[in-house]
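*Asks:* The structure's right below; bear with me while I get my questions together.
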Amino acid sequence: MKPVHIEFIENTRWRWVWGGALVVGGCLLAYCVWRAGQINQATQQESARIATLQTQLQLLRTPAPPAQADPRSASTQLATQLLQLDLNKAFAAAENLQAPGTRLRGLTLEATANTLRLEYELDSMDKASTITEALNTGYEGRPWQLESVSAATAPTFRGQWVGQLKKL
Amino acid sequence: MWSVWSETVDVYLGQGVAMVKVGSGKAHVLQTAATMPRQRVLAQLAQAMPASRPASHKQKHRNVRITLSGALCPATAFSAPPTVTRWQELRQIATACAAATLCTGADSIVCETNRLLPAQPGVAATVNAALMAELHAWAGAHRLRITSLRPLWAVATRSAMVQQPACGGLLLQEPDSMTVLASGAAGASPTTGQPVAATLVGGADPSAASAALWSTTTRRWLVGLGLAEDALLKVGFSTQAGALLPHGPKLWAGHWSTHLPTNKGLP
Numbered sequence: 032m033k034p035v036h037i038e039f040i041e042n043t044r045w046r047w048v049w050g051g052a053l054v055v056g057g058c059l060l061a062y063c064v065w066r067a068g069q070i071n072q073a074t075q076q077e078s079a080r081i082a083t084l085q086t087q088l089q090l091l092r093t094p095a096p097p098a099q100a101d102p103r104s105a106s107t108q109l110a111t112q113l114l115q116l117d118l119n120k121a122f123a124a125a126e127n128l129q130a131p132g133t134r135l136r137g138l139t140l141e142a143t144a145n146t147l148r149l150e151y152e153l154d155s156m157d158k159a160s161t162i163t164e165a166l167n168t169g170y171e172g173r174p175w176q177l178e179s180v181s182a183a184t185a186p187t188f189r190g191q192w193v194g195q196l197k198k199l
Numbered sequence: 015m016w017s018v019w020s021e022t023v024d025v026y027l028g029q030g031v032a033m034v035k036v037g038s039g040k041a042h043v044l045q046t047a048a049t050m051p052r053q054r055v056l057a058q059l060a061q062a063m064p065a066s067r068p069a070s071h072k073q074k075h076r077n078v079r080i081t082l083s084g085a086l087c088p089a090t091a092f093s094a095p096p097t098v099t100r101w102q103e104l105r106q107i108a109t110a111c112a113a114a115t116l117c118t119g120a121d122s123i124v125c126e127t128n129r130l131l132p133a134q135p136g137v138a139a140t141v142n143a144a145l146m147a148e149l150h151a152w153a154g155a156h157r158l159r160i161t162s163l164r165p166l167w168a169v170a171t172r173s174a175m176v177q178q179p180a181c182g183g184l185l186l187q188e189p190d191s192m193t194v195l196a197s198g199a200a201g202a203s204p205t206t207g208q209p210v211a212a213t214l215v216g217g218a219d220p221s222a223a224s225a226a227l228w229s230t231t232t233r234r235w236l237v238g239l240g241l242a243e244d245a246l247l248k249v250g251f252s253t254q255a256g257a258l259l260p261h262g263p264k265l266w267a268g269h270w271s272t273h274l275p276t277n278k279g280l281p
């Protein structure tokens, strides 16, 4: 037979037990919330520090933009570039050119364009191709090109050749 | 002070009989007339308490456990429809059933039931509301705190001998009443199949003729409830202390027996 549990007086002991458990649970919950807030704050600070370090690292990896050209440094740089040019080959080509009926009239160096311009006086139009072949002798890239031929004082002609110094 | 535990006072209250025991001391029995006002009975109980208290204990705070006899707290059975699931509704149904059984108004009684699942028949204990108020007033007047108030037949069902699977029901005879509780297939009413809980107010007379009449009355009462007397475990409760009943209830140990004692006369 099953026991019959009948009681007219309500047991208030469990109220204290549950009340105490509720208080303890509330305290634990409050502590957990406070602790979670602390951890969250520390995490955010750490994340911010990491982001700052990453930004600094990125700045270090990125090359600095070139400084604005200073007029003095630009002219110094141009002078340095010009002094580094090897004009022996260009002058050698002009000096070694022995074509009868031709005479060197001018030699112009254009440093900015890195080209050398030669002006010859020709006694005939045919000599233009001869000079062109003579200047390009030994070069596979044919650096010299006839730029123009014009009639000068009769019966001579003026021819201009331009050559890329880099290809010489 | 934490070092001084509160003494527990056990009180058994019946119709014309009362017992009080302080802690593990000897029980003090009071035999009173059934017509004596309750307040006088309780006053005599309060007077009996200091006499049974050992002098070495200091009175700090007292808890009192009151056990009511079947005459003051009869048992009734009730059943609720399966759709009733709320505990308050079950109590209201139990109160209505008890009021109908006892032929009294629902406002004049206090009813308590055992913890049930919905749609299960239950047992209800009923106490007169005036008696309940008198008990609380008496406790308050004598600096007592009622920690437990329950019927004796409910105490008996919580013993190991009653909870055996073979036990289909309990027939408890007290000095002023007889209570029968039957549940399960072994002890259920063959007529309705429902568990039975009922209290017959009155006790057997010590004389041989009245004892036979009481036995006949009891047998007819059980037959009327649809119960077989042989299927019930007969337990008696007496105001006289005796040998401890093995596997019996711990409360009021020594006052229980497995044979029905003969006490006062029939009503």
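Residue numbers (the numbering used here), protein chains in the order written: chain Y, 32 to 199; chain D, 15 to 281.
The beta carbon of each residue, even a glycine, is placed where N, CA and C say it ideally should be.
Rank R100/D, T109/D, A41/D and V23/D by C-alpha distance to the C-alpha of N77/D and give the top, closest one.
*Replies:* In the second sequence, the residue the question calls residue 77/D occupies position 63. Taking only the C-alpha atoms, the option nearest N77/D is V23/D.
*Asks:* Going by CA-CA distance only, name the one from G37/D, V43/D, G39/D and S38/D that's closest to Y284/D.
*Replies:* Any property of residue 284/D remains undetermined from this structure, which presents chain D solely from 15 to 281.
*Asks:* Quick one: which chain Y residues come within Cβ less than 8 Å of I160/D?
*Replies:* On the second sequence, position 146 is the one that residue 160/D refers to. Here the neighbours are I40.
*Asks:* State the DSSP-derived secondary structure class of S93/D, mapped to helix, strand or coil.
*Replies:* The count along the second sequence starts at 1 and reaches residue 93/D at position 79. It is coil, neither helix nor strand.
*Asks:* Count the CB pairs spanning the region 163-174 of chain D and the region 108-116 of chain D that are closer than 8 Å, and state whether there are at least three.
*Replies:* No contact exists between the region 163-174 of chain D and the region 108-116 of chain D.
*Asks:* Identify, in the order they occur along the chain, each residue of the same chain with its Cβ nearer than 6 Å to the Cβ of L163/D, setting aside the five sequence neighbours on each side.
*Replies:* Here residue 163/D is taken as the residue at index 149 of the second sequence, counted from 1. Only I80 meet the Cβ criterion.
*Asks:* What do you reckon, are the CB atoms on D190/D and A89/D nearer than 8 Å?
*Replies:* The sequence position of residue 190/D within the second sequence is 176, counting from 1. The sequence position of residue 89/D within the second sequence is 75, counting from 1. Not a contact, by the Cβ cut-off of 8 Å.
*Asks:* With E12/D and Q29/D assumed to form a contact (beta carbons below 8 Å), what rounded beta-carbon distance in angstroms separates them?
*Replies:* Outside the modelled stretch of chain D, which goes from 15 to 281, sits residue 12/D, for which no answer is possible.
*Asks:* Identify which residue in A168/D, D121/D, W235/D and V215/D has its Cα closest to the Cα of K264/D.
*Replies:* Within the second sequence, residue 264/D is the residue found at index 250, counting from 1. The shortest Cα separation from K264/D among A168/D, D121/D, W235/D and V215/D belongs to A168/D.
*Asks:* What number of angstroms, rounded off, separates the C-alpha of Q108/Y from the C-alpha of Q85/Y?
*Replies:* Residue mapping note: residue 108/Y aligns to position 77 of the first sequence, counting from 1. Residue mapping note: residue 85/Y aligns to position 54 of the first sequence, counting from 1. When rounded, the distance between both Cα atoms is 37 Å.
*Asks:* If you count every other CB in all the chains shown that lies within 10 Å of the CB of S252/D, and 16 or more means buried, which is it?
*Replies:* As a working note, residue 252/D is residue 238 in the second sequence. Result: buried.
*Asks:* For A108/D, which option in E126/D, P96/D and E243/D has the closest C-alpha, if you only look at C-alpha atoms?
*Replies:* Against the second sequence, residue 108/D aligns to sequence position 94. Ranking E126/D, P96/D and E243/D by Cα distance to A108/D puts E126/D first.
*Asks:* Are any of the Cβ atoms in chain Y nearer than 8 Å to that of E148/D?
*Replies:* Mapped onto the second sequence, residue 148/D falls at position 134. Taking Cβ atoms only, chain Y never reaches closer than 8 Å to E148/D, which makes this a no.
*Asks:* Beta-carbon of A70/Y versus every beta-carbon of chain D: anything under 8 Å?
*Replies:* As a working mapping, residue 70/Y is identified with position 39 in the first sequence. In the sequence under discussion, the amino acid at residue 70/Y is Ile, which differs from the Ala named in the question. It does not; no Cβ of chain D falls within 8 Å.
*Asks:* Any residues in the region 35-66 of chain Y with a beta carbon nearer than 7 Å to a beta carbon of chain D? Which ones, in chain order?
*Replies:* The region 35-66 of chain Y vs chain D, Cβ under 7 Å: V35, H36, I37, E38, F39 and I40.
*Asks:* Tell me the residue span of the beta strand (DSSP E) that contains N142/D.
*Replies:* The count along the second sequence starts at 1 and reaches residue 142/D at position 128. Where N142/D is concerned, the enclosing beta strand (DSSP E) stretches over G136 to N142.
*Asks:* To the nearest angstrom, how far is it from the Cα of N71/Y to the Cα of A94/D?
*Replies:* Residue 71/Y sits at position 40 when you count from the first residue of the first sequence. Residue 94/D sits at position 80 when you count from the first residue of the second sequence. In a straight line, the C-alpha of N71/Y is about 56 Å away from that of A94/D.
*Asks:* For A57/D, which option in A255/D, Q178/D, G216/D and H156/D has the closest C-alpha, if you only look at C-alpha atoms?
*Replies:* By one-based count along the second sequence, residue 57/D stands at place 43. Per the Cα distances, H156/D.
*Asks:* Which same chain residues, not among the five before or five after V8/D, have their C-beta less than 8 Å away from its C-beta?
*Replies:* Residue 8/D lies beyond the range of chain D shown here (15 to 281); nothing can be said about it.
*Asks:* Restricting to Cα atoms, I'd like to know which of V137/D, C87/D and P96/D is closest to L145/D.
*Replies:* As a position in the second sequence, residue 145/D is number 131, starting the count at 1. Closest by alpha carbon: C87/D.
*Asks:* For G182/D, would you say it is in contact with chain Y, using Cβ-to-Cβ distances shorter than 8 Å as the test?
*Replies:* In the second sequence, the residue the question calls residue 182/D occupies position 168. Yes, its Cβ sits closer than 8 Å to a Cβ of chain Y.
*Asks:* Take V124/D and list the residues in its own chain whose beta-carbon comes closer than 6 Å to its own, dropping the five residues that flank it on each side.
*Replies:* Here residue 124/D refers to the residue found at position 110 of the second sequence. Answer for V124/D: V141, A143 and M146, listed in chain order.
*Asks:* Taking C-alpha atoms, which residue in P135/D, C181/D, A180/D and T161/D lies nearest to L104/D?
*Replies:* Here residue 104/D corresponds to residue number 90 of the second sequence, with the count starting at 1. The option with the nearest alpha carbon to L104/D is P135/D.
*Asks:* Out of Q178/D, V215/D, Q187/D and P96/D, which one is the CA nearest neighbour of S197/D?
*Replies:* Locating residue 197/D in the second sequence gives position 183, where the first residue counts as 1. Nearest option by C-alpha distance: Q178/D.
*Asks:* Could you tell me the distance, in whole angstroms, from the CA atom of G216/D to the CA atom of L53/Y?
*Replies:* As a position in the second sequence, residue 216/D is number 202, starting the count at 1. As a position in the first sequence, residue 53/Y is number 22, starting the count at 1. In a straight line, the C-alpha of G216/D is about 50 Å away from that of L53/Y.
*Asks:* Starting from the C-beta of S106/Y, find all residues in its chain whose C-beta is less than 7 Å away, skip the five residues before and the five after it, and write them out in chain order.
*Replies:* As a position in the first sequence, residue 106/Y is number 75, starting the count at 1. So the list is empty, once near-sequence residues are dropped.
*Asks:* Let's test the definition: count the other Cβ atoms within 10 Å of the Cβ of T49/D and tell me whether it reaches 16, buried, or not, exposed.
*Replies:* In the second sequence, counting from the first residue as 1, residue 49/D sits at position 35. Flag for T49/D reads exposed.
*Asks:* Could you name the residues of the same chain whose beta carbon sits closer than 8 Å to that of L158/D, not counting the 5 residues immediately before and after it, in chain order?
*Replies:* Walking along the second sequence from the start, residue 158/D turns up at place 144. So the list reads V23, R76, N77, V78 and W152, once near-sequence residues are dropped.
*Asks:* Of the residues L135/Y, T111/Y, P131/Y and A110/Y, which one's Cα is nearest the Cα of F122/Y?
*Replies:* The residue labelled residue 122/Y in the question sits at position 91 within the first sequence. When only C-alpha atoms are compared, the closest one is L135/Y.
*Asks:* Taking 8 Å as the threshold (C-beta atoms), are M32/Y and G183/D in contact?
*Replies:* Taking the second sequence and counting its residues from 1, the one referred to as residue 183/D is at position 169. Taking the first sequence and counting its residues from 1, the one referred to as residue 32/Y is at position 1. Result yes, Cβ atoms of G183/D and M32/Y sit closer than 8 Å.
*Asks:* Cβ closer than 9 Å: which chain Y residues qualify as neighbours of R76/D?
*Replies:* As a first step, residue 76/D must be located in the second sequence, where it is residue number 62. Correct list: empty, because the minimum Cβ distance to chain Y is about 15 Å.
*Asks:* Is it buried or exposed, Q14/D, if we count other Cβ atoms within 10 angstroms and call 16 or more buried?
*Replies:* With chain D running from 15 to 281 in the structure shown, residue 14/D is simply not present.
*Asks:* Would a C-beta distance cut-off of 8 Å place L147/Y and G194/Y closer than the cut-off?
*Replies:* Here residue 147/Y is taken as the residue at index 116 of the first sequence, counted from 1. Here residue 194/Y is taken as the residue at index 163 of the first sequence, counted from 1. Yes, Cβ-Cβ distance for L147/Y and G194/Y is below 8 Å.
*Asks:* If you measure between the beta carbons of D154/Y and G172/Y, is that distance less than 8 Å?
*Replies:* Looking up residue 154/Y in the first sequence gives position 123. Looking up residue 172/Y in the first sequence gives position 141. Not a contact, by the Cβ cut-off of 8 Å.
*Asks:* I think K248/D touches L185/D, with their Cβ atoms under 8 Å apart; what is that distance to the nearest whole Å?
*Replies:* Position 234 of the second sequence, counted from the first residue, corresponds to residue 248/D. Position 171 of the second sequence, counted from the first residue, corresponds to residue 185/D. Correct: roughly 5 Å between the Cβ atoms.
*Asks:* Do V194/D and L246/D have their beta-carbon atoms positioned less than 8 Å apart in this structure?
*Replies:* Residue numbering aside, residue 246/D sits at position 232 when the second sequence is read from its first letter. Residue numbering aside, residue 194/D sits at position 180 when the second sequence is read from its first letter. Going by C-beta atoms, L246/D is nearer than 8 Å to V194/D.
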